[in-house]
Amino acid sequence: MANPWREHPKLRGRLHAENPDDVQVIVHDGGPRLTDHAPELVWVTVTSCDGAVFSGRVLNQPVQLTSVCEGSEITFVVPDSGAHAIMVTEKYLRERPDWIIQPCHQCGFSELFDAPSDLMRAVFPGPQPDDLMMELFTAFCGVCGGVQVVQPRDAKLGEDSTPAPFQPSPKKWWQFWR
Ligand SMILES: [Zn+2]
176 MANPWREHPK
186 LRGRLHAENP
196 DDVQVIVHDG
206 GPRLTDHAPE
216 LVWVTVTSCD
226 GAVFSGRVLN
236 QPVQLTSVCE
246 GSEITFVVPD
256 SGAHAIMVTE
266 KYLRERPDWI
276 IQPCHQCGFS
286 ELFDAPSDLM
296 RAVFPGPQPD
306 DLMMELFTAF
316 CGVCGGVQVV
326 QPRDAKLGED
336 STPAPFQPSP
346 KKWWQFWR
């Protein structure tokens with residue numbers, strides 16, 4: 176088939192009825208921690224797909240975004256839950272397998288707008304202690320402003336991979352909700 180994405184399960188029910196290569200995608204300059212530019216929904220013509228990662232060309236001119244314009248070639252994914260496909264960066268796709276993103280408690284969106292490492296720097300600015308073991312952090316949903324909990328898929332156990340001996344430790348300031 177010339178355009179295999181037309182039958183892709185991720186795009187089922189999302190493609191334009193008359194232009195079956197076109198799908199609506201949220202484009203953005205980053206999430207609410209990193210930019211105050213609001214995300215926008217545009218039509219994108221799919222040009223290729225690799226597994227569940229799609230590439231396409233933006234058909235509309237966003238109103239106030241700086242990183243995307245009409246004609247931009249973008250990469251996007253369709254979240255497991257949430258209403259719309261979302262533009263992603265190469266960096267995001269590289270980091271994404273290492274993280275578990277709990278769906279937004281308001282709209283169910285299950286991806287982030289920013290690469291987890293960029294988001295972590297925004298959440299925890301300044302120098303970080305070497306022994307910082309990130310258990311989880313919260314992000315604001317880029318779609319609705321709700322809360323998403325983000326955690327590493329494998330909590331790091333140190334260089335030698337030996338589990339650290341158990342030590343009762345006071346709660347860190349970012350664990351206040353536990
Ligand atoms: Zn949301």
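Under my numbering, the first residue of the sequence shown is numbered 176, with each subsequent residue one higher. We treat Cβ as the ideally placed atom computed from N, Cα and C, and that holds for glycine. All values derive from a computational prediction rather than experimental measurement.
Between the CA atoms of residue j and residue i - distance to the nearest angstrom
| i | j | result |
| --- | --- | --- |
| S216 | V253 | A quick correction: the sequence has Leu, not Ser, at residue 216. Looking at the two C-alpha atoms, the distance is approximately 14 Å. |
| P272 | D225 | 16 Å |
| P179 | C244 | 26 Å |
| P302 | D211 | 24 Å |
| G257 | L294 | 20 Å |
| F124 | A177 | What is shown of the chain runs 176 to 353, which leaves residue 124 out entirely. |
| D306 | T313 | Unreliable placement is indicated for D306, whose pLDDT of 47 sits below 50; no coordinate value is reported for it. |
| S292 | Q199 | 27 Å |
| L332 | P300 | With a pLDDT of 47 at L332, under the threshold of 50, the predicted position of this residue should be treated as unreliable, and no value is reported. |
| N235 | F251 | 16 Å |
| I261 | V202 | 6 Å |
| A192 | P184 | 16 Å |
| R328 | T222 | 32 Å |
| M280 | Q326 | The sequence shown places His at residue 280, rather than the Met named in the question. In a straight line, the C-alpha of H280 is about 15 Å away from that of Q326. |
| Q239 | S247 | 15 Å |
| K266 | A290 | 6 Å |
| N194 | L209 | 34 Å |
| C319 | H259 | 12 Å |
| V298 | E310 | 13 Å |
| I249 | R296 | 25 Å |
| R187 | P278 | 21 Å |
| R189 | E270 | 26 Å |
| T220 | R181 | 11 Å |
Test item: CB-CB of residue i and residue j under 8 Å
| i | j | result |
| --- | --- | --- |
| F315 | P214 | no |
| D204 | T264 | no |
| S285 | D255 | yes |
| D196 | W218 | no |
| V228 | L268 | yes |
| I276 | Q323 | yes |
Cβ separation of residue i and residue j, assumed to be a contact under 8 Å, to the nearest whole Å
| i | j | result |
| --- | --- | --- |
| C282 | G317 | Between G317 and C282 the Cβ distance is about 10 Å, and since that is not below 8 Å, they are no contact. |
Near ligand 3: residue i beta-carbon under 7 Å from a heavy atom
| i | result |
| --- | --- |
| V243 | Ligand 3 is not part of this structure, which contains only ligand 1. |
Checklist entry - Taking only runs of the alpha helix (DSSP H) that begin and end inside the region 249 to 294, which ones reach a length of at least 4 residues, in chain order? => result Whole alpha helix (DSSP H) segments, 4+ residues: 265 to 270.
Checklist entry - Got a list of residues with beta-carbon closer than 5 Å to any non-hydrogen atom of ligand 1, in chain order? => result Taking every residue with its beta carbon within less than 5 Å of a heavy atom belonging to ligand 1 gives, in chain order, C279, Q281, C282, F284, C316, V318, C319, G321.
Item to check | Unbroken stretches of the alpha helix (DSSP H), 4 residues or longer, contained in the region 182 to 229 | outcome: Secondary structure within the region 182 to 229: not one fully enclosed alpha helix (DSSP H) run of 4 or more consecutive residues is present.
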